[in-house]
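Engineer: Please read through the structure below; I'll follow up with questions.
Shown next as structure tokens:
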């Protein structure tokens, strides 16, 4: 059987690569695709485990994203790096002639590449697949203009940032002869096939989105990302001494041991002050519940971890730069989360109630959906809550079984979808139909 060739061009960050892994494995193993998956070294092992060929971005430096607070800065960096990265990607396309180019919705250089290839009539026209691992966006509907302005932190000075973004876009478009002048408008455009990596039940205002979007469901594979070996001795002791809770939760079962997990993700996590308040709130919780055997696992990222090296840590607290999240969520009674969509989908999958501390990007929208619309937890502004308020929230969510019951019921709805399998079927089916039309 003839192999079909696919390029996958993600935004090279954990929360964007992880949701594409099970889809990639399905394409390779069940649909006979030869997949080249671009990325950075930190996700090489995960990418290669799918059966795809790993290929490193030559000019992308993810460390620069740590200092990018919003989407304008991220787009500005991508426009600059595209001057070097785009010719390399284009050469790969000329040499390998992919049938499909799958790109993350935040990957501007992926969209630029498709635009560039399609202008060359001598090249095979690849199908463009836009993969969105978070909520679908429809300007003015979701988010509303007000919500979008708040999320982007728009103010008087924003006009100058947009002007500079416009200048960068014009420079890039002129160099590569791309008919693209408005970056934000180009970002919102759809492609041949548009996959949304969440279930339709989770999408806010789903009724306003048309059939051009395919909601495939959660696509992060727990079997692929679950660690087989826990190298951290303290974490291993925590997990071994805690019963498996999730997702089969029994509200009538008395929990003698409580495991609380806190993480702010892998990008906007450089806020030691927030972690300090989480640690203090746990101390307050523990002092008021001395009969309860409670433990706290905090994943702080490598940069903040360095600042805790001389910190005196309690025996029942683990501070780590990174932990295997799937393994922890299986046994967690509460998840204090930044509300990245990957972590959110995993919390729902394992039916773990949440306390949301959204930091940036789409996280405030996700937190509102979880807590305000679905009542699956409580949320706080990251820079305004106090340790006492967080402690009270911990007590409320842990002691009120309705939070756990609601997220358990919602998990049953979302777990009906096998996002990776559905996404791969949509891609293969679309390519097959497209070939029939050309014959």
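In the working numbering, the protein residues as written are 674 to 1112.
Glycine included, C-beta positions come from ideal geometry on N, C-alpha and C.
Keep in mind the model is a prediction, meaning the values are calculated, not measured.
1. Return the chain-ordered ranges of every alpha helix (DSSP H) run that is complete within the segment 915 to 993 and spans a minimum of 4 residues.
2. Take residue 1098 and list the residues in its own chain whose beta-carbon comes closer than 6 Å to its own, dropping the five residues that flank it on each side.
3. Apply the 10 Å Cβ neighbour rule to residue 739 and answer buried if 16 or more other Cβ atoms are within range, or exposed otherwise.
4. What span of residues does the beta strand (DSSP E) with residue 681 cover, start to end?
5. Could you check the C-alpha separation between residue 681 and residue 710 for me, to the nearest Å?
6. Find the nearest neighbour of residue 774 within the set 691, 908, 697 and 885, judged by alpha-carbon distance.
7. Can residue 903 be considered in contact with the ligand NAP, in the sense that its beta carbon sits closer than 7 Å to one or more heavy atoms?
8. What's the C-alpha gap between residue 1064 and residue 953?
9. By the DSSP assignment, the alpha helix (DSSP H) with residue 1027 in it spans what residues?
10. Taking only runs that begin and end inside the segment 768 to 825, name each unbroken alpha helix (DSSP H) of 4 or more residues, in chain order.
11. Can you tell which of 796, 1081, 746 and 790 has the C-alpha that lies nearest to the C-alpha of residue 759?
12. Using a Cβ-Cβ cutoff of less than 7 Å, which residues in the same chain neighbour residue 838 once the five nearest sequence positions on both sides are dropped?
13. Quick one: what's residue 708 bridged to in DSSP?
14. Please report the Cβ distance between residue 975 and residue 994, rounded to the nearest whole angstrom; I am assuming they are in contact, meaning their Cβ atoms lie under 8 Å.
15. Can you say whether residue 813 is buried or exposed, counting buried as having 16 or more other CB atoms within 10 angstroms of its CB?
16. At what residues does the alpha helix (DSSP H) containing residue 691 begin and finish?
17. Residue 683 to residue 720, Cα distance in whole Å?
18. Which residues in the same chain have their Cβ closer than 7 Å to the Cβ of residue 701, if we skip the five residues on either side of it in sequence?
19. With a threshold of 7 Å on Cβ separation, who are the neighbours of residue 1013 within its own chain once the five nearest residues in sequence on each side are excluded?
20. Please work out which residues of its chain come closer than 8 Å, Cβ to Cβ, to residue 890, disregarding the five sequence neighbours upstream and downstream, and give them in chain order.
21. Count Cβ pairs between the segment 954 to 973 and the segment 1028 to 1045 that sit closer than 8 Å; are there 3 or more?
22. Are residue 1084 and residue 1011 touching if we call contact CB-CB under 8 Å?
Structural biologist: In this structure, then:
1. Every alpha helix (DSSP H) stretch that sits fully inside the segment 915 to 993 and reaches 4 residues is listed by chain position as 945 to 961 and 974 to 980.
2. Result list for residue 1098: empty, nothing under 6 Å.
3. With a pLDDT of 49 at residue 739, under the threshold of 50, the predicted position of this residue should be treated as unreliable, though the coordinate-derived value follows. The residue in question, residue 739, is exposed, as its Cβ has fewer than 16 Cβ neighbours within 10 Å.
4. Counting along the chain, the beta strand (DSSP E) containing residue 681 begins and ends at 677 to 682.
5. Cα-Cα distance, rounded: 5 Å.
6. Comparing C-alpha distances from residue 774 to each of 691, 908, 697 and 885 shows the shortest one belongs to 697.
7. Looking for the ligand NAP in the displayed structure turns up nothing, as the structure carries no ligands at all.
8. Distance between residue 1064 and residue 953, taken at the CA atoms: about 9 Å.
9. Taken as a continuous stretch (DSSP letters only), residue 1027 belongs to no alpha helix (DSSP H), being part of the beta strand (DSSP E) at 1027 to 1029.
10. Taking only runs of at least 4 residues, the alpha helix (DSSP H) segments lying wholly in the segment 768 to 825 are 781 to 792 and 818 to 825.
11. Taking only the C-alpha atoms, the option nearest residue 759 is 790.
12. Closer than 7 Å at the Cβ level, and outside the excluded window around residue 838, lie 745, 748, 749 and 856.
13. Beta-bridge pairing links residue 708 to 679.
14. Confirmed, about 4 Å.
15. By the neighbour-count rule (16 or more Cβ atoms within 10 Å), residue 813 is not buried but exposed.
16. Counting along the chain, the unbroken alpha helix (DSSP H) around residue 691 starts and ends at 687 to 703.
17. Whole-angstrom Cα-Cα distance: 11 Å.
18. Excluding positions up to five away in sequence, the list reads 708, 723, 724 and 725.
19. These residues qualify, in order along the chain: 688, 938 and 1036.
20. Within the same chain, 870, 871, 872, 1087, 1089, 1090, 1091, 1092 and 1095 come within 8 Å of residue 890 by CB-CB distance, once the 5 residues on both sides are set aside.
21. Cβ pair count under 8 Å is below three, so no.
22. The answer is no: Cβ separation not under 8 Å.
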